[in-house]
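Just below is one structure, and these are the notes that go with it.
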Amino acid sequence: MQLYIMRHGQASPIANSDAERQLTKQGQFEAEIMGKWLKNMQVNLDHVLVSPYIRAQQTAAMVKATLNWSGPATTCDLITPSGNAAQVHDYLDGMLAQSRGKSNSDKGIQELLVVSHMPLVSYLVEDLTFDRKSPIFQTAGIAQIDYDLGSMKGELVRLVSPHDLC
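Whatever position you read off the sequence shown (first residue = 1), add 19 for our numbering.
Okay, structure coming up:
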């Protein structure tokens, strides 16, 4: 299965709280560029898992609109900037195991997009992969992981950012 771990697009530094920070015009552009990249890669998402923070919600909405995708999305309180990578890893494994036999195929969720924040996205890639490297994500960057549910680990296939595509 393929996991896509995405950092939200560029956000305004000013808001009443960190959770209320919104995407800038640049952040909206970044999310759209990455949505186009996913579309060009012929990614067929089965599910989106997104942080409750506004900038992550906006990023997910932009990606979904660019893909013209209206599939299921879940807001997850575990994937905020201060989230614990090991807990999120356990949550993902449980979610993916439960999805087997419940989607269009017996294999369950095969392509999952997770939209979250630094530093969690970096730590999450480290926790989910065999080589345990924690890459630094640019805004709206996406790490693709070829994930094996049996071993509960995967291989980092690529890390792509809007800067790489422009």
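Where a beta carbon is used, it is the ideal one built from N, C-alpha and C, also for glycine.
Keep in mind it's a predicted model, so treat the numbers as computed, not measured.
Where residue i falls, given that 16 or more other Cβ within 10 Å makes a residue buried
i, result
"threonine 190", "For the chain, the structure presents residues 20 to 185; residue 190 sits outside this window and is missing."
"asparagine 123", "Caution is warranted here: a pLDDT of 49 is assigned to asparagine 123, below 50, making its placement in the model unreliable, and the coordinate value is therefore given only provisionally. Classification of asparagine 123: exposed, given that the 10 Å Cβ count is below 16."
"lysine 152", "exposed"
"serine 180", "buried"
Straight-line gap, residue i to residue j (C-alpha atoms, nearest Å)
i, j, result
"leucine 131", "glutamine 41", "24 Å"
"methionine 60", "methionine 53", "10 Å"
"aspartate 165", "histidine 27", "21 Å"
"valine 82", "alanine 159", "10 Å"
"isoleucine 33", "glutamate 39", "9 Å"
"glutamine 22", "asparagine 35", "Reading the sequence as shown, one finds leucine at residue 22 and not glutamine. Approximately 32 Å between the Cα atoms of the pair."
"proline 4", "valine 67", "The displayed coordinates of the chain run from 20 to 185. Any statement about residue 4 would go beyond what the structure contains."
"aspartate 150", "leucine 57", "24 Å"
"valine 184", "lysine 126", "Residue 184 is actually leucine in this sequence, not valine. Roughly 32 Å between the two C-alpha positions."
"serine 89", "glutamate 51", "16 Å"
"glycine 46", "phenylalanine 156", "14 Å"
"methionine 114", "lysine 55", "27 Å"
"cysteine 95", "methionine 137", "16 Å"
"lysine 44", "alanine 80", "14 Å"
"glutamine 106", "alanine 30", "26 Å"
Extent of the continuous alpha helix (DSSP H) to which residue i belongs
i, result
"methionine 53", "44-59"
"arginine 74", "73-86"
Whole-angstrom C-beta distance between residue j and residue i, which should lie under 8 Å
i, j, result
"valine 140", "threonine 78", "About 12 Å; that fails the 8 Å criterion."
"isoleucine 161", "methionine 25", "5 Å"
"histidine 108", "aspartate 146", "5 Å"
"serine 70", "isoleucine 98", "5 Å"
"leucine 178", "methionine 20", "With 8 Å as the limit, leucine 178 and methionine 20 do not qualify as a contact, their Cβ atoms being about 18 Å apart."
"leucine 143", "alanine 104", "5 Å"
"leucine 111", "threonine 148", "Actually they are not in contact, since the Cβ atoms of leucine 111 and threonine 148 sit about 13 Å apart, beyond 8 Å."
Host beta strand (DSSP E) of residue i (start-end)
i, result
"methionine 25", "21-26"
"threonine 93", "92-94"
"valine 67", "66-69"
- At what residue ranges does the segment 107-183 contain a whole run of the beta strand (DSSP E), taking only runs of 3 or more? Taking 3 residues as the shortest admissible run, the segment 107-183 contains the following complete beta strand (DSSP E) segments, listed from N- to C-terminal end: 130-135, 161-167, 172-179.
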